[in-house]
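Chains as they are written, first to last, in numbering that gives the first Met the number 0: chain A, 0 to 219; chain B, 0 to 219. Beta carbons are placed, not taken as given, at the ideal position from N, Cα and C, and that holds for glycine. Each remark here refers to the structure printed beneath this line.
Number of protein chains: 2
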Amino acid sequence: MSIIQYLEDGKTGSQPLSTNLYTELQEDILTGKLKAGQKLTEQKICNEYNVSRTPVREALRQLEMEGLIENIPNRGAFVIGFSDQDIADMYELRSSYEVLAVRWAIDRITEEEFNELEETFEFMEFYTMKNDINKMLNINMAFHQIIYNATHNRMLNQLLSSYQVYLKYCNPSNYYAPNYLADVLEEHRAIYEAFKARDAEAGALAMTRHMENSRNRKRK
Amino acid sequence: MSIIQYLEDGKTGSQPLSTNLYTELQEDILTGKLKAGQKLTEQKICNEYNVSRTPVREALRQLEMEGLIENIPNRGAFVIGFSDQDIADMYELRSSYEVLAVRWAIDRITEEEFNELEETFEFMEFYTMKNDINKMLNINMAFHQIIYNATHNRMLNQLLSSYQVYLKYCNPSNYYAPNYLADVLEEHRAIYEAFKARDAEAGALAMTRHMENSRNRKRK
DNA sequence: ATTATATGATTTGGATACAATTTTGTCAAG
DNA sequence: CTTGACAAAATTGTATCCAAATCATATAAT
């Protein structure tokens with residue numbers, strides 16, 4: 000997915016969308032509409048979401064693989080959900096993956112990928128000046144995704160990409176804090192500069208700081 | 000799962016088992032029986048594995064979540080499989096997760112969990128003396144699993160547990176090298192001692208070495 | 001009163017049937 | 001010989017049907 004697509008599709012990462020049942024159920028678990036411990040009866044879901052049992056069962060298997068529900072044979076599916084502890088765990092894990100990803104990406108990034116990163120960073124500067132928060136959310140995702148790709152490690156890429164969904168639903172950053180966009184821009188600049196210098200240690204340090212600051216920016 | 004169960008179920012981690020379709024297909028992809036790029040037609044799988052389309056579709060969704068196949072809407076499922084690069088990636092990733100896990104586990108392990116780890120290590124010593132490789136494979140899995148649990152981080156636990164499956168199919172360790180069991184025992188002893196001393200740095204170092212040596216023990 | 005048991009209702013697991021989409025093959029036009 | 005249109009076949013997506021397992025309730029035994 001190119002940076003242009005990220006900008007143009009207009010999906011700011013905050014609306015439902017939910018193109019399929021799996022995504023809808025995932026959303027409903029992550030937002031707490033379906034509560035932990037609750038039993039998900041297939042027929043109930045059929046009625047609630049107006050689909051037949053076949054797609055329901057497929058979605059339940061997917062959610063099970065993701066760890067959002069537990070499927071007990073012949074008994075049914077039970078919501079596991081995300082506890083506050085899980086969210087904390089997720090942030091902690093994600094931080095270390097992101098740092099690892101930067102380290103590997105700086106060592107392995109291609110010329111072409113670096114140009115894409117550079118272009119994306121310039122978009123960041125532009126939309127920070129224009130103070131366009133929705134655009135920035137998309138560009139931010141693109142920036143990180145480029146790094147994931149540049150690790151050339153399929154499993155790490157897949158893992159970090161999958162976390163984007165969760166990040167959306169955990170209490171969001173305080174976008175409207177003074178200097179939010181400017182602060183974020185400078186953190187990304189540090190990361191970008193490390194890539195430019197092909198300095199993995201500097202990159203790891205910059206990403207570590209970015210992750211710490213991200214957490215501190217969370218609404219309490 | 001207790002250490003006793005690990006010992007008694009007799010599953011040495013090298014036979015098919017494959018209790019369900021998903022596991023069977025997973026195995027067939029990881030062993031290369033189903034090749035990368037190959038199209039998986041639902042009806043073909045039905046005939047091959049003697050099941051109807053409903054469980055087939057469930058399995059395909061699970062495999063997709065795992066990243067072993069790609070599901071293109073209205074087109075079908077295509078095997079992605081594990082390239083040599085993916086296996087290398089997996090080892091590299093797993094190493095850093097394991098080190099991270101030890102760090103966290105040493106800080107968070109409960110008295111009860113530590114006792115379990117201690118008991119497991121004593122089983123290791125015993126079966127090393129008896130030179131029982133099959134038992135050792137199971138105990139080894141148990142030892143690592145206890146560490147995963149002791150992180151008290153559900154996502155990291157889930158992630159590392161899921162890798163156990165892949166490890167089984169990537170070219171196996173050279174179990175019959177001289178001193179294999181003795182070497183492995185000493186590496187685990189270092190890890191265990193770090194837990195006993197509640198020394199996270201020593202644990203991380205010991206696990207790093209264990210991971211390096213594991214890789215070097217691979218058959219070429 | 002509590003526990004056991006039996007029976008009917010509900011629910012899951014799996015197979016089949018039908019609809020929508022894609023692929024394949026044929027044949028004619030350029 | 002290639003290209004395009006179109007129909008037939010194959011394949012995916014969804015709905016429904018049947019069997020097996022589980023759950024709930026009522027009744028009987030201790």
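| Asked | Found |
| --- | --- |
| Partner residues on chain B for Gln42(A), Cβ-Cβ distance less than 9 Å | Going along chain B, no residue has its Cβ under 9 Å from Gln42(A), so there is no contact; the nearest lies around 16 Å. |
| Proximity winner among Asn70(A), Asn46(A), Ser82(A), relative to Glu57(B) (alpha-carbon distances) | Asn70(A) |
| Cutoff 9 Å: Asn298(B) Cβ touching any chain A Cβ | There is no way to answer for residue 298(B), as the model of chain B reaches only from 0 to 219. |
| Leu159(B), DSSP secondary structure in three states | helix |
| Supposed contact pair Thr119(B) and Ala141(B) - C-beta distance, whole angstroms, cut 8 Å | 5 Å |
| Opposing strand residues paired with Asn70(A) [DSSP bridges] | Ala76(A) |
| Secondary structure of Asn34(B), DSSP reduced to three states | Looking at the sequence itself, residue 34(B) is Lys, so the reference to Asn does not match. Looking at Lys34(B) - three-state DSSP - the assignment turns out to be coil, as it is neither helix nor strand. |
| Neighbour list for Thr223(B) in chain A, Cβ cutoff strictly below 8 Å | Given that chain B is displayed from residue 0 to residue 219, the structure contains no residue 223(B) and the question cannot be resolved. |
| DSSP-derived helix/strand/coil call for Lys221(A) | The question about residue 221(A) has no answer, for chain A in this structure spans 0 to 219. |
| Stretch-stretch touch, CB-based, cutoff 8 Å, three pairs: the stretch 92-111 of chain B with the stretch 192-209 of chain B | yes |
| Reduced DSSP secondary structure (H/G/I, E/B, other) of Gly12(B) | Legend: pLDDT at Gly12(B) = 42, less than 50; position of this residue unreliable, no value from coordinates given. |
| Distance between Ile79(B) and Ile68(B) (C-alpha atoms, nearest Å) | 5 Å |
| Limits of the alpha helix (DSSP H) - the one that Cys45(B) falls within | 41-48 |
| Element boundaries [alpha helix (DSSP H), containing Asp83(B)] | 83-107 |
| Contacting residues, own chain, Cβ-Cβ under 7 Å from Gly202(A) (five flanking each side not counted) | Val101, Arg102, Ile105, Ile190, Ala193, Phe194 |
| Within chain A, the residues that Met89(B) reaches when beta carbons sit closer than 8 Å | Met154 |
| Among Ala149(A), Leu166(A), Leu39(A), the one whose alpha carbon lies nearest that of Thr30(A) | Leu166(A) |
| Buried/exposed call for Lys34(B), threshold 16 Cβ in 10 Å | exposed |
| Any C-beta of chain B under 9 Å from that of Arg216(A) | no |
| With 16 other Cβ atoms within 10 Å as the buried cut-off, status of Ala181(B) | exposed |
| Interface flag, Ser95(B) vs chain A, CB-CB below 9 Å | yes |
| Cβ contact (3+ pairs, closer than 8 Å) linking the stretch 59-68 of chain A and the stretch 110-117 of chain A | no |
| Test: Lys136(A) CB closer than 9 Å to a CB of chain B | Just to set this straight, residue 136(A) is Leu in the shown sequence, not Lys. By this cut-off, Leu136(A) is not an interface position. |
| Minimum Cβ-Cβ distance from Gly66(A) to chain B less than 9 Å | yes |
| Residue ranges of each beta strand (DSSP E) within the stretch 119-157 of chain B, 3 or longer | none |
| Cβ contact (3+ pairs, closer than 8 Å) linking the stretch 204-219 of chain A and the stretch 156-163 of chain A | no |
| Buried versus exposed, by CB contacts within 10 Å (16 or more), Gln42(A) | exposed |
| Straight-line Cα distance separating Met123(A) from Asn139(A) | 8 Å |
| Chain-order list of residues whose beta-carbon lies under 7 Å from that of Tyr48(A) (same chain, five-residue window excluded) | Leu20, Glu23 |
| Local Cβ density within 10 Å of Asp83(B), reported as buried at 16 or more and exposed below that | exposed |
| Contacts around Ile86(A), its chain only, beta-carbon distance under 7 Å, and the 5 residues preceding and following it disregarded | Cys169 |
| Contacts around Asn152(A), its chain only, beta-carbon distance under 7 Å, and the 5 residues preceding and following it disregarded | Trp103 |
| Test item: CB-CB of Arg60(B) and Arg188(A) under 9 Å | no |
| Thr22(B), enclosing alpha helix (DSSP H) - first and last residue | 20-29 |
| Below-9 Å beta-carbon distance, Asn73(B) vs any chain A residue | no |
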